[in-house]
């Protein structure tokens with residue numbers, strides 16, 4: 079898949095480190111390459127195994143060079159079923175992912191643990207004004223933000239179409255997109271075709287320290303993707319106090335309360351534009367949503383995630399110890 083790093087493990091060296099380390103538990107993060115080796119060694123050395131499924135892999139089948147696409151999807155489903163049927167526990171970031179894995183026939187223990195995020199600190203009024211000026215946004219203007227990959231599965235054409243509608247009623251609005259990806263050129267071309275001009279800015283990929291001021295400058299966050307298992311960018315946006323407009327799909331409804339800290343819409347540019355326009359017109363509601371967004375973001379703290387993983391690890395280790403004791407008696 080373009081723009082995704084895949085580790086190419088040196089198996090003998092990695093196995094030597096594994097045997098020397100003598101881990102109490104192994105936790106893998108995908109059904110590929112190094113994770114497959116880690117799972118094999120865990121079984122070889124009788125070490126408990128936990129595996130996380132982060133991604134709706136079948137939604138990315140179009141990146142594979144195999145045709146037809148249905149064959150790639152079938153292969154991925156078989157691979158996922160085979161791999162995630164083995165661990166002592168499977169971790170997923172949302173309920174819909176758990177439901178998907180169950181539909182594949184995976185029956186072993188499954189836990190929902192949401193990925194934690196570092197909160198985005200608020201800017202001082204002076205820093206916020208300066209950050210907005212850098213984006214060409216005045217005090218009374220509206221700045222809409224998207225952060226994520228620029229790829230077809232992110233549904234950015236729908237967002238741009240919706241924003242075109244927003245501009246007809248609210249010309250003092252601007253959309254900023256942060257991120258890179260395989261569809262950057264074609265997405266820019268699509269924006270040009272809509273004649274959005276300087277009302278849309280593609281900032282490319284930015285380091286964390288440079289992204290934070292952009293979050294702080296924004297008034298709301300847009301997330302049109304329909305393939306998210308959790309939507310970490312949404313969690314970051316909430317921590318920055320940004321009301322979110324997102325498509326009601328995947329794991330996103332678990333992270334966003336419709337009408338409370340943002341809006342969930344159909345995959346429809348007219349409805350998406352309507353919710354953005356509401357936030358532009360209703361500054362009081364937007365401020366209230368901002369407060370609730372920061373409160374909701376506490377559910378995605380790293381401390382909470384660590385506590386949940388520690389509890390799971392201890393439970394899995396204890397169960398393995400009991401099984402070993404029973405087998406020895």
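Numbering (the working numbering), first residue to last: 79 to 407.
Quick reminder that beta carbons are idealized off the backbone N, C-alpha and C, glycines included.
Per the DSSP calculation, residue i is bridged to which residue(s)?
{"i": "residue 350", "result": "According to DSSP, residue 350 bridges with nothing at all."}
{"i": "residue 224", "result": "255"}
{"i": "residue 104", "result": "127"}
{"i": "residue 324", "result": "301 and 342"}
{"i": "residue 336", "result": "340"}
{"i": "residue 188", "result": "168"}
{"i": "residue 280", "result": "255"}
Do the CB positions of residue i and residue j come within less than 7 Å of each other?
{"i": "residue 158", "j": "residue 182", "result": "yes"}
{"i": "residue 175", "j": "residue 265", "result": "no"}
{"i": "residue 238", "j": "residue 269", "result": "yes"}
{"i": "residue 130", "j": "residue 116", "result": "no"}
{"i": "residue 103", "j": "residue 395", "result": "yes"}
Who are the Cβ neighbours of residue i in its own chain at under 7 Å, not counting the five residues just before and after it?
{"i": "residue 221", "result": "210, 213, 215, 252, 254, 295, 296 and 297"}
{"i": "residue 189", "result": "167, 169 and 390"}
{"i": "residue 304", "result": "233, 325, 327, 328 and 345"}
Excluding sequence positions up to five away, which residues of its chain have a Cβ less than 6 Å from the Cβ of residue i?
{"i": "residue 372", "result": "319"}
{"i": "residue 259", "result": "81, 227, 228 and 229"}
{"i": "residue 381", "result": "none"}
{"i": "residue 240", "result": "347, 350 and 351"}
{"i": "residue 201", "result": "294"}
{"i": "residue 379", "result": "194"}
{"i": "residue 84", "result": "The predicted model places residue 84 with a pLDDT of 49, which falls under 50 and marks its position as unreliable; any figure quoted below should be read in that light. Nothing meets the Cβ criterion."}
I'd like the list of long-range same chain contacts for residue i, defined as Cβ closer than 8 Å, with 5 residues on each side in sequence excluded.
{"i": "residue 301", "result": "224, 226, 309, 311, 312, 315, 322, 323, 324, 325 and 330"}
{"i": "residue 185", "result": "163"}
{"i": "residue 402", "result": "124"}
{"i": "residue 245", "result": "251, 274 and 277"}
Let me confirm a value: residue i is counted as buried when at least 16 other C-beta atoms fall within 10 Å, else exposed. Which label applies?
{"i": "residue 337", "result": "exposed"}
{"i": "residue 377", "result": "exposed"}
{"i": "residue 368", "result": "buried"}
{"i": "residue 127", "result": "buried"}
{"i": "residue 236", "result": "buried"}
{"i": "residue 363", "result": "exposed"}
{"i": "residue 334", "result": "buried"}
{"i": "residue 339", "result": "buried"}
{"i": "residue 94", "result": "exposed"}
{"i": "residue 111", "result": "exposed"}
{"i": "residue 384", "result": "exposed"}
{"i": "residue 154", "result": "buried"}
{"i": "residue 257", "result": "buried"}
{"i": "residue 317", "result": "buried"}
{"i": "residue 179", "result": "buried"}
{"i": "residue 374", "result": "buried"}
Just checking residue i against the ligand SAM - is the residue's beta carbon closer than 6 Å to any of the ligand's heavy atoms?
{"i": "residue 169", "result": "This structure does not include the ligand SAM; it has no bound ligands of any sort."}
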